[in-house]
Ligand SMILES: [Zn+2]
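Numbering (the numbering used here), first residue to last: 44 to 350.
Dropping the structure here:
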């Protein structure tokens, strides 16, 4: 049987929120089988649980925000990406503010934290959402066209194309493909940082956003070049970060997907629309588990450290 996974021990991190600039403590705790991923705001007078789901996503303007009632957690996508990349099914994420710490702007620190805690196999079948026919969302035309799509696939792979008319991005690969079963999340994707432009940073700050952002947690560009003195971590770091974001955004559906995802200029909003479009068509997906590891898609049966 392909089993569910959690972590072996409690682990903690402290950082600042990208947008709020607020100090925040994060505590990751093991959870029982079939708990799923549950964020818990432990700073509120009564702790509030926010289980992840496509419907729990309440805002996607700068990052993916989940919420229930008045309680929210912003910028969940990089942590969710690490959780998906390591194949974890059950986890409590206790948080002391309304935004996940940005750390180095990628998911590498979260991967390190989770791996240090150790991965535990649990006595319950791992359940996947298998896409059984194509589902697509599309918006705009010409210069403004963007789309995202699921197609059936025995595994999970992503293809993301960006289209930035910027000298520093133009010279890098604008299209990246990544297969969770064949490639290595930790090595190939996790280190890709979020990116932004100085002119946007000024605008965002005037609106009280990006207050915790800087060269130590983002790739920052002016009109011509990358300003970080160390340059890029991958030749195609921009497109890879969009894959990292998509892995996190899509895992908000609550179970690992068996699908081929492809996207052109998509973002947090469209990724969530795609999940909702899928769920709205019950004949386009089914929940499956695997009695034998041999039937499972390549890469999913191995211990998470292999990724
Ligand atoms: Zn991101």
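Glycine residues also receive a C-beta, built at the ideal position from the N, C-alpha and C atoms.
Quick one, are the C-beta atoms of residue 255 and residue 59 less than 7 Å apart? Numbered from 1 along the chain shown, position 212 holds the residue referred to as residue 255. Numbered from 1 along the chain shown, position 16 holds the residue referred to as residue 59. Yes, Cβ-Cβ distance for residue 255 and residue 59 is below 7 Å.
Notebook entry, point to check: Which residue from 76, 198, 69 and 100 puts its Cα closest to that of residue 85?
Noted result: Position 42 of the chain shown, counted from the first residue, corresponds to residue 85. The candidate whose alpha carbon is nearest that of residue 85 is 69.
**Request:** Please classify residue 242: is it buried, with 16 or more other beta-carbons within 10 angstroms of its beta-carbon, or exposed?
**Result:** In the chain shown, counting from the first residue as 1, residue 242 sits at position 199. By the neighbour-count rule (16 or more Cβ atoms within 10 Å), residue 242 is not buried but exposed.
Checklist entry - What's the call for residue 187, buried or exposed, on a 16-neighbour Cβ count within 10 Å? => result Within the chain shown, residue 187 is the residue found at index 144, counting from 1. Residue 187 should be labelled exposed.
CB-CB under 7 Å to residue 164, same chain, minus the five flanking residues each way: which ones, in chain order? As a working note, residue 164 is residue 121 in the chain shown. Taken in chain order, the residues that qualify are 46 and 48.
Problem - For residue 247, the three-state DSSP class (helix, strand or coil) - result: Position 204 of the chain shown, counting from 1, holds the residue named residue 247. Helix, per DSSP.
(Q) So the candidates are 88, 75, 128 and 66; which of them puts its Cα closest to the Cα of residue 224? (A) Taking the chain shown and counting its residues from 1, the one referred to as residue 224 is at position 181. If we check each option's Cα against that of residue 224, 128 comes out closest.
Under a criterion of Cβ closer than 6 Å to any non-hydrogen atom of ligand 1, which residues qualify, in chain order? 120, 121, 237, 284 and 288
Counting beta carbon pairs with one atom in the stretch 246 to 262 and one in the stretch 141 to 157, are three or more of them shorter than 8 Å?
yes
*Looking only at C-alpha atoms, which of 118, 52 and 54 sits nearest to residue 140?*
Along the chain shown, read from residue 1 onward, the residue named residue 140 stands at position 97. Checking every option, the nearest Cα to that of residue 140 belongs to 118.
Closest residue to residue 311 among 162, 294, 302 and 154 (Cα-Cα distance) | Residue numbering aside, residue 311 sits at position 268 when the chain shown is read from its first letter. Among 162, 294, 302 and 154, the Cα nearest to that of residue 311 belongs to 294.
| said: Taking only three categories from DSSP, how would you classify residue 110? | reply: Counting from 1 along the chain shown, the entry for residue 110 is found at position 67. Strand at residue 110.
Beta-carbon proximity list for residue 234, same chain, < 6 Å, skipping 5 on both sides: Stepping through the chain shown from its first residue, residue 234 is reached at position 191. For residue 234, where only same-chain residues beyond five positions count, the Cβ hits under 6 Å are 149, 151 and 276.
Can you tell me where the alpha helix (DSSP H) with residue 94 in it begins and where it stops?
Within the chain shown, numbered from 1, the residue matching residue 94 stands at position 51. No alpha helix (DSSP H) contains residue 94, which is instead part of the beta strand (DSSP E) from 91 to 94.
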